[in-house]
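Below is one structure, written out as structure tokens, with a few remarks after it.
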Amino acid sequence: MLWIPCLCGSAPCLLCRCCPSGNNSTVTRLIYAFFMLLGVGIACIMLMPGMEEHLKKIPGFCEGGMGSSIPGVKGHVNCDVLVGYKAVYRVCFGMAMFFLLFSLIMVKVKSSQDPRASVHNGFWFFKFAAATAITVGAFFIPEGPFTTVWFYIGMAGAFCFILIQLVLLIDFAHSWNESWVEKMDEGNSRCWYAALLSATTINYALSLISLVLFYVYYTHSDGCTENKVFISINMLLCVGASVLSVLPKIQESQPRSGLLQSSIVTLYTMYLTWSAMTNEPDRRCNPSLLGIIGLNSTTPAGQDRVVQWWDAQGIVGLILFLMCVLYSSIRNSSNSQVNKLTLTSDESALIEDGPAPENFEEGDGTNRAIDNEKDGVTYSYSFFHFMLFLASLYIMMTLTNWYSPDANYQTMTSKWPSVWVKITSSWICISLYVWTLVAPLVLTNRDFD
């Protein structure tokens with residue numbers, strides 16, 4: 014029972030003896046990421062088929078249900094709100110408000126000596142209770158215009174989170190290339206060159222296969238003009254960015270820029286293009302994955318397709334979301350431009366390279382995290398929570414496939430705003446990558462080393 018006081022203490026106290034030594038800043042971010050993943054898991058459970066039927070089996074629980082009543086509950090619980098997209102909206106509303114509140118509280122925290130830093134790094138039981146209370150309270154919000162208003166707020170927040178994803182993606186691409194080029198220079202250059210070439214080839218091959226499949230399944234000779242334009246424009250932009258990355262002038266200013274980064278950006282752009290096309294209202298230009306692989310869709314031909322929790326676009330988006338949140342929690346980037354964009358430093362390594370006993374917090378030996386923020390925080394607390402606020406909105410839109418509630422709030426259907434949000438983000442992705450290539454040539458008075 015000695016671990017119970019740790020629930021009110023700091024992040025290091027939650028580490029077990031077998032855990033490796035790490036920085037307090039990283040452990041804290043991982044715990045917040047766990048909070049986020051817990052909420053995502055609950056939202057996914059709400060979308061599982063048959064959940065409503067299981068709830069209705071509880072005597073007197075659902076409004077209008079049969080059986081003995083539960084005092085104070087019958088007539089107040091609408092099981093339609095506890096499952097499906099309405100439940101996802103409310104769970105994500107609770108998570109979003111929790112992280113937004115902390116984002117406002119943690120503005121301008123400079124070091125771990127600030128009293129607010131102890132709130133950020135500790136009191137986990139109370140924070141978990143607060144997040145639970147906010148989420149439960151969200152289920153008592155009257156339906157009214159809540160769903161529609163929260164949908165548009167979610168779309169705007171999800172778009173902003175996609176922009177953060179783009180920055181982290183470009184950071185990951187540059188870090189990956191830099192790491193392998195360094196190892197190639199250190200020795201065994203043929204092996205690392207082959208690995209670099211193989212990774213680049215695989216990324217471009219997947220992009221090319223995606224391009225062909227897009228033209229085959231998402232376009233028709235007598236229609237789908239928008240899809241043809243989207244695919245063609247993004248294909249040309251990706252080719253242009255790839256050629257630009259190997260030009261002599263670019264190589265001279267940035268010797269480590271190359272096709273690996275371009276291939277990663279190209280593959281991600283293909284994903285965003287596909288994701289946008291899966292939200293097209295015209296079902297003729299937007300076949301379901303079940304239809305593509307030869308299985309019949311369960312939706313009648315004349316009706317709007319309703320949200321499905323197993324949708325392929327949502328699953329891929331969920332995987333990318335998990336990778337982004339975890340990467341942002343343990344990232345150790347040497348890219349100063351990206352560090353400034355994400356308001357972090359390059360001192361947030363997950364594992365310390367060597368022992369530093371003078372930095373360990375006092376305790377009985379179970380605290381194995383290092384307070385590396387006494388002189389200054391290694392990341393912006395406020396921005397980190399704001400990123401998780403945007404991530405909550407992004408996961409809400411992902412799990413509901415970016416579908417919009419109809420006028421009667423009964424179903425979710427595809428709408429054009431979702432398409433344009435994703436296509437615009439694909440163009441911003443390529444623009445950001447191109448800017449990292451040409452910035453040293455344009456801003457000659459700045460040091461980009």
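Quick note, the sequence shown lines up with residues 14 to 462 if you use the numbering used here. Backbone N, C-alpha and C define an ideal beta-carbon position, used for all residues, glycine too.
Other residues of its chain near residue i: CB distance less than 7 Å, five sequence neighbours each side excluded
i, result
"Ala-212", "Leu-273"
"Gly-167", "Leu-406, Met-409, Met-410"
"Ile-215", "none"
"His-398", "Phe-112, Phe-115, Ser-116, Met-119"
"Ala-208", "Trp-193"
"Tyr-206", "Met-197"
"Lys-428", "Pro-294, Ser-417"
"Leu-389", "The sequence given here has Gly at residue 389, not Leu. Lys-123, Ser-124, listed in sequence order."
"Val-53", "Ile-408"
"Val-101", "Ala-56, Met-59, Leu-60, Met-409, Leu-412, Thr-413"
"Ala-151", "Arg-103, Phe-106, Gly-107"
Exposure label - residue i; buried when at least 16 CB within 10 Å
i, result
"Ser-444", "exposed"
"Arg-42", "buried"
"Ile-263", "buried"
"Ala-24", "Low confidence applies here, because Ala-24 scores a pLDDT of 49, under 50, leaving its location unreliable and the question unanswered by this model."
"Ala-218", "exposed"
"Gly-315", "Low per-residue confidence applies at Gly-315: pLDDT is 42, beneath 50, and the placement is therefore not dependable, though the value from the model is reported in the following sentence. That one is exposed."
"His-8", "No statement about residue 8 is possible, as the shown extent of the chain runs from 14 to 462 and does not include it."
"Tyr-165", "exposed"
"Glu-239", "buried"
"Pro-418", "buried"
"Thr-457", "exposed"
"Lys-387", "exposed"
"Pro-313", "Since pLDDT at Pro-313 reaches only 46, below the 50 mark, its modelled position is unreliable, and no value is offered."
"Ala-369", "Any answer about Ala-369 is weak, because its pLDDT of 43 lies below 50 and its placement is not dependable; what the coordinates show is given next. By the neighbour-count rule (16 or more Cβ atoms within 10 Å), Ala-369 is not buried but exposed."
"Asn-134", "buried"
"Cys-251", "buried"
"Ala-254", "buried"
"Ile-277", "buried"
"Phe-153", "exposed"
"Ile-222", "exposed"
"Gly-170", "buried"
"Ser-174", "It should be noted that the sequence gives Phe, not Ser, for residue 174. Buried is the call here."
"Gly-330", "buried"
"Val-40", "buried"
Own chain partners of residue i with C-beta closer than 8 Å, once the 5 adjacent residues on each side are dropped
i, result
"Met-14", "Residue confidence for Met-14 is low, a pLDDT of 46 falling below 50, so the modelled location carries little weight; the figure read from the coordinates is stated next. Counting only Cβ-Cβ distances below 8 Å, and skipping sequence neighbours, we find nothing."
"Ala-143", "Phe-111"
"Ser-258", "Ser-270, Gly-271, Leu-272, Gln-274, Ser-275, Leu-450"
"Trp-448", "none"
"Leu-224", "Ile-244, Met-248, Met-283"
"Phe-172", "Val-434, Thr-437, Ser-438"
Which residues DSSP lists as bridging residue i, in chain order
i, result
"His-187", "His-187 pairs with nothing; no bridge assigned."
"Gly-236", "His-233"
Beta-carbon separation (whole angstroms), residue i vs residue j, contact threshold 8 Å
i, j, result
"Gly-97", "Leu-60", "7 Å"
"Thr-391", "Ser-38", "5 Å"
"Arg-109", "Phe-402", "According to the sequence provided, residue 109 is Ala. The question's Arg does not apply to it. Yes, Ala-109 and Phe-402 are in contact; Cβ-Cβ is about 5 Å, under 8 Å."
"Val-104", "Ala-56", "5 Å"
"Thr-504", "Phe-227", "The chain is shown from 14 up to 462; residue 504 falls before or after that span and cannot be answered."
"Leu-179", "Ile-441", "6 Å"
"Ile-177", "Met-400", "6 Å"
"Ser-439", "Asn-247", "6 Å"
"Ala-46", "Val-338", "5 Å"
"Thr-161", "Lys-99", "With a Cβ gap of about 12 Å, Thr-161 and Lys-99 do not count as contacting."
C-beta neighbour in chain D for residue i, strict 8 Å
i, result
"Phe-334", "Of the protein chains in the structure, only one exists, and it is not chain D."
Near the ligand FMN: residue i beta-carbon under 7 Å from a heavy atom
i, result
"Tyr-228", "No copy of the ligand FMN appears in this structure; indeed no ligand is present at all."
Contacting residues, own chain, Cβ-Cβ under 6 Å from residue i (five flanking each side not counted)
i, result
"Glu-195", "none"
"Trp-415", "Asn-292, Ser-431"
"Ala-130", "Val-122"
"Ile-436", "Phe-243, Ala-289"
"Ser-220", "Thr-279, Leu-280, Met-283"
"Val-455", "none"
"Trp-163", "Tyr-102"
"Glu-375", "Annotation note: pLDDT 43 at Glu-375 (below 50); position unreliable, coordinate value reported separately. Answer for Glu-375: no residue qualifies."
Discussion item. Quick test of the definition: if touching needs 3 or more C-beta pairs under 8 Å, does the segment 171 to 190 touch the segment 270 to 288?
Written reply: yes
Worksheet item: Within the chosen definition, does the segment 279 to 298 reach the segment 431 to 440 through at least 3 CB pairs nearer than 8 Å?
Response: yes
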